[in-house]
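Chemist:
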Amino acid sequence: MLSVILTVPAPMHKREVVEAVTVIETVPTMVVGVVGYVETPRGLPTPGTRSKKKGFTRYAKKHAEDGGKSVARELERIRKYCTVIRVLAHTQICKTGLSQKKAYLMQIQVNGGSIPDKVEFAHGLFEKLVEVSSVFEQDECVDIIAVTKGHGFEDVTHRWGTKKRKRLRSLEHSRPMHEYCCHSSALFYPILVPLYYVAMAHAQTLSWIAFLIAAT
Numbered sequence: 001m002l003s004v005i006l007t008v009p010a011p012m013h014k015r016e017v018v019e020a021v022t023v024i025e026t027v028p029t030m031v032v033g034v035v036g037y038v039e040t041p042r043g044l045p046t047p048g049t050r051s052k053k054k055g056f057t058r059y060a061k062k063h064a065e066d067g068g069k070s071v072a073r074e075l076e077r078i079r080k081y082c083t084v085i086r087v088l089a090h091t092q093i094c095k096t097g098l099s100q101k102k103a104y105l106m107q108i109q110v111n112g113g114s115i116p117d118k119v120e121f122a123h124g125l126f127e128k129l130v131e132v133s134s135v136f137e138q139d140e141c142v143d144i145i146a147v148t149k150g151h152g153f154e155d156v157t158h159r160w161g162t163k164k165r166k167r168l169r170s171l172e173h174s175r176p177m178h179e180y181c182c183h184s185s186a187l188f189y190p191i192l193v194p195l196y197y198v199a200m201a202h203a204q205t206l207s208w209i210a211f212l213i214a215a216t
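Numbering (full-length UniProt numbering), first residue to last: 1 to 216.
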């Protein structure tokens, strides 16, 4: 009895193995403010929210005029009413090699300790740089998330990848026609479709088109 053993080499034998990595440039961020939120069943509103186009410049001017009394008064309101404390920080995108000039503004939540301790900690970071080494340690594993940029108002075909019906060539016209495909229940049950829709682009238009086709 003769047995033959065939050895098949590995696919990556004597070849270079390359692992894909992502290098992130972590420029120090600048803390410029603090914001407090109140926990309610309807979300996290801020007490006394006001919208301003030039909020930072007006706050700086007001702080210089009254000697910081307005800032101290706002911090006292945050200590008294708020339950969630977050700092406002912006990136220093000018120190990177990107062509973009506008910096990103983000909110970073402060955890640990009581509310007065959080407010004092956030107030102590005003106009100071926060290094990445002060938040993370060497060789530490972290979870990351990414946010894609918006694509505007789109329909279900672009959102979920639904397929359109095939094109049909009309007998009366020389141009090809799209076979009708309803995106709502108005074609079969037009009486059940309300006159308003929420959270879907062009839903009312599609429903009314289907309603007219069903009616004719």
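We put the CB at the ideal spot given by N, CA and C, even for glycine.
Do you know whose CA, among Pro116, Val27, Thr148, Trp160, lies nearest Ala72's CA?
Modeler: Sequence index remark: in the sequence shown, residue 72 carries index 72 (1-based). If we check each option's Cα against that of Ala72, Pro116 comes out closest.
Chemist: Could you tell me the distance, in whole angstroms, from the CA atom of Phe153 to the CA atom of Trp160?
Modeler: Within the sequence shown, numbered from 1, the residue matching residue 153 stands at position 153. Within the sequence shown, numbered from 1, the residue matching residue 160 stands at position 160. Between Phe153 and Trp160, the C-alpha separation is close to 13 Å.
Chemist: Consult DSSP for Leu125 and reduce its assignment to one of helix, strand or coil.
Modeler: Locating residue 125 in the sequence shown gives position 125, counting from the first residue. Leu125: coil per DSSP, three-state reduction.
Chemist: State whether the stretch 76 to 87 contacts the stretch 100 to 114, with contact taken as three or more CB pairs (one from each stretch) at a distance under 8 Å.
Modeler: Because the criterion of three Cβ pairs below 8 Å is met, the stretch 76 to 87 and the stretch 100 to 114 touch.
Chemist: So which of Glu19, His90, Pro11, Lys69 has the shortest CA-CA distance to Leu125?
Modeler: Position 125 of the sequence shown, counting from 1, holds the residue named residue 125. The candidate whose alpha carbon is nearest that of Leu125 is His90.
Chemist: One question on the structure: do Gln100 and Val27 come within less than 9 Å of each other, judged by their Cβ atoms?
Modeler: Against the sequence shown, residue 100 aligns to sequence position 100. Against the sequence shown, residue 27 aligns to sequence position 27. No.
Chemist: Could you please give the first and the last residue of the uninterrupted alpha helix (DSSP H) stretch that includes Tyr37?
Modeler: Taking the sequence shown and counting its residues from 1, the one referred to as residue 37 is at position 37. Counting along the chain, Tyr37 falls outside any alpha helix (DSSP H), though it belongs to the beta strand (DSSP E) covering 29 to 37.
Chemist: Alpha carbon to alpha carbon, how far is Met30 from Lys128?
Modeler: Taking the first residue of the sequence shown as position 1, residue 30 is located at position 30. Taking the first residue of the sequence shown as position 1, residue 128 is located at position 128. The straight-line gap from Cα to Cα measures roughly 6 Å.
Chemist: Could you check the C-alpha separation between Ala20 and Gly43 for me, to the nearest Å?
Modeler: Here residue 20 corresponds to residue number 20 of the sequence shown, with the count starting at 1. Here residue 43 corresponds to residue number 43 of the sequence shown, with the count starting at 1. Spanning the two alpha carbons is a distance of roughly 40 Å.
Chemist: Going by the DSSP bridge assignment, what does Met106 pair with across the sheet?
Modeler: Translated into the one-based positions of the sequence shown, residue 106 becomes position 106. According to DSSP, which records beta bridges pairwise, Met106 is partnered with Ala89.
Chemist: Along the alpha helix (DSSP H) that carries Lys10, what are the first and last residues, could you check?
Modeler: Along the sequence shown, one-based indexing puts residue 10 at 10. A small fix is needed here, since residue 10 is Ala in this sequence, not Lys. No alpha helix (DSSP H) contains Ala10, which DSSP labels as neither H nor E.
Chemist: Distance check for His123 and Gln138, CA to CA, integer angstroms please.
Modeler: Along the sequence shown, one-based indexing puts residue 138 at 138. Along the sequence shown, one-based indexing puts residue 123 at 123. Roughly 27 Å between the two C-alpha positions.
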